[in-house]
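What follows is a short report on a single structure.
In UniProt numbering, the protein residues as written are 1 to 116.
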């Protein structure tokens, strides 16, 4: 009618993901090299990832074990757990272990005195 054609779209090469449209190129896309990321950035898969993972797990385990030990040593209870109830800290809390040893010794001494 008016002889004016609509403006053509930008060529496919101008589109940033033109290679990926329609199942084309599936390789790595370009990314800014100057951007730093603590996780390694785009396409990060360092060759020594297994060693890095082992080191992080070992260091984390040591820190957790030290914190656990320190917590167990400094744990203070004003009310001791019931003898017939399950308390996991019974196995590592110094105060509870000593209390149960005293209770057991006192009970044995009382039974020995009663049997005479």
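Virtual Cβ for every residue (Gly too), placed ideally from N, Cα, C.
Asked: Beta-carbon spacing of residue 96, residue 81 below 8 Å; Found: yes
Asked: Cβ pair residue 27, residue 35 closer than 8 Å; Found: no
Asked: The alpha helix (DSSP H) enclosing residue 75, as first and last residue numbers; Found: That residue, residue 75, is in no alpha helix (DSSP H); it is neither H nor E in DSSP.
Asked: For residue 114, the first and last residue of its enclosing alpha helix (DSSP H); Found: 94-114
Asked: Residue environment, residue 93, which counts as buried when at least 16 other CB atoms sit within 10 Å; Found: buried
Asked: Contact the region 65-77 vs the region 95-113: 3+ CB pairs below 8 Å; Found: yes
Asked: Assigned secondary structure, residue 85 (DSSP; H/G/I helix, E/B strand, else coil); Found: coil
Asked: Simplified DSSP assignment, three categories, for residue 48; Found: coil
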